[in-house]
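Residue numbering for the sequence shown follows the UniProt record's numbering, beginning at 1 and increasing consecutively. Backbone N, C-alpha and C fix where the C-beta goes; we use that ideal spot for every residue, glycine too. Source: prediction; values computed, not measured.
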Amino acid sequence: MTEWTVHGRRQVYGSPWVELWLDDVDIPGVGRVDHHVLRMPKECAVTVVTDGEGRFLMLHRHRFITGRWAWELPAGWIEPGEAPATAAAREVEEETGWRPGAVEPLTGFDAMSGISTMHFHAFHATGATPTGGPVDRSEASRVEWLTEREVVGLLTAGEVADGASLAALSYFLGPHRLAAGRAGPSGK
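#1: Looking at residue 169 and residue 178, is the spacing between their C-beta atoms short of 9 Å?
#2: In the DSSP assignment, the alpha helix (DSSP H) including residue 134 goes from what residue to what residue?
#3: Report the option in 134, 93, 78 and 10 whose CA atom is closest to the CA atom of residue 87.
#4: Among 51, 11 and 30, which residue has its Cα nearest to the Cα of residue 129?
#5: Could you check whether residue 45 and residue 109 sit closer than 9 Å to each other, using their CB atoms as the reference points?
#6: Going along the chain, which residues of its own chain have a beta-carbon closer than 6 Å to the beta-carbon of residue 164, five neighbours each way excluded?
#7: Our contact map puts residue 73 next to residue 171 with C-beta atoms below 8 Å; I'd like the distance itself, whole angstroms only.
#8: Count the other CB atoms, across all protein chains shown, that sit within 10 Å of the CB of residue 12; report buried if there are 16 or more and exposed otherwise.
#9: For residue 19, tell me which candidate among 37, 53 and 64 has the shortest Cα-Cα distance.
#10: Could you have a look at residue 107 and say whether DSSP puts it in helix, strand or coil?
#11: Between the C-alpha atoms of residue 187 and residue 144, what's the straight-line distance to the nearest angstrom?
#12: Which word fits residue 32, buried or exposed, when buried means at least 16 other C-beta atoms lie within 10 angstroms of its C-beta?
#13: By the three-class DSSP mapping on this structure, what secondary structure does residue 187 have?
#14: Between the beta-carbon of residue 24 and the beta-carbon of residue 6, is there less than 9 Å?
#15: Between the alpha carbons of residue 39 and residue 80, how many angstroms are there, rounded?
#16: Which two residues bound the contiguous alpha helix (DSSP H) that contains residue 151?
#17: Could you check what DSSP says for residue 140 in three-state terms: helix, strand or coil?
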């Protein structure tokens, strides 16, 4: 298999949040086609926040685009010049009202690599101290510390619908934990 060749591109729409481009690509075995590409001007950070008691900090919110209530992790844009870990900590505090302790990288991933440049940096933050409530109250209807059993139940019931949250939690509970040789977030 060879790589696709891009012969040109033109912007169809642009804003500070999203751009839509039409790329003229040559697909081996198919030929030249116009391919839509969503370009995201900023990368994103998503954070799994755990405490020393095996609980996870999560948000419950409604997403008007999907018309669905679901549980999510704190996440948001990385501003120009901002370190991804700094953005992760900022987003946790703004969205939850909890200031995270140590913030360590987990993994990175492309959310929709077949059509979008959206890239996420996933982090694990340990410990958190309350700061008096979320700065942006529009982010969630509830902010709660949930046990690992509750989080796994939400994951298996489809109550974590956000792709970034699903990916970060799955990575944390699976490969991250296995690589560290731990059975649970507190090493139990």
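Quick look at the numbers:
#1: If you check the CB distance, residue 178 and residue 169 do not come in under 9 Å.
#2: No residue range can be given for residue 134, since it is assigned to no alpha helix (DSSP H) and is classified by DSSP as neither H nor E.
#3: Of the listed residues, the one whose Cα sits closest to residue 87 is 78.
#4: Looking at the Cα atoms, 51 is the closest of the given residues.
#5: At a Cβ-Cβ threshold of 9 Å, residue 109 and residue 45 do not count as neighbours.
#6: Counting only Cβ-Cβ distances below 6 Å, and skipping sequence neighbours, we find 46, 75 and 120.
#7: Incorrect: roughly 11 Å between the Cβ atoms, too far for contact.
#8: Classified as exposed, residue 12 has fewer than 16 neighbouring CB atoms from the shown chains inside 10 Å of its CB.
#9: Sorting 37, 53 and 64 by C-alpha distance to the C-alpha of residue 19 places 37 at the top.
#10: In the structure shown, residue 107 sits in a strand (DSSP, three-state: E or B).
#11: At residue 187, the pLDDT of 47 sits below 50, so the modelled position is not reliable; the number obtained from the coordinates is stated separately. Each residue's alpha carbon lies about 22 Å from the other.
#12: Exposed.
#13: Low per-residue confidence applies at residue 187: pLDDT is 47, beneath 50, and the placement is therefore not dependable enough to give any value.
#14: Cβ distance < 9 Å, so residue 24 and residue 6 count as in contact.
#15: When rounded, the distance between both Cα atoms is 16 Å.
#16: DSSP places residue 151 inside the alpha helix (DSSP H), whose first and last residues are 148-156.
#17: In the three-state reduction of the DSSP assignment, residue 140 falls in the coil class, being assigned neither a helical nor a strand state.
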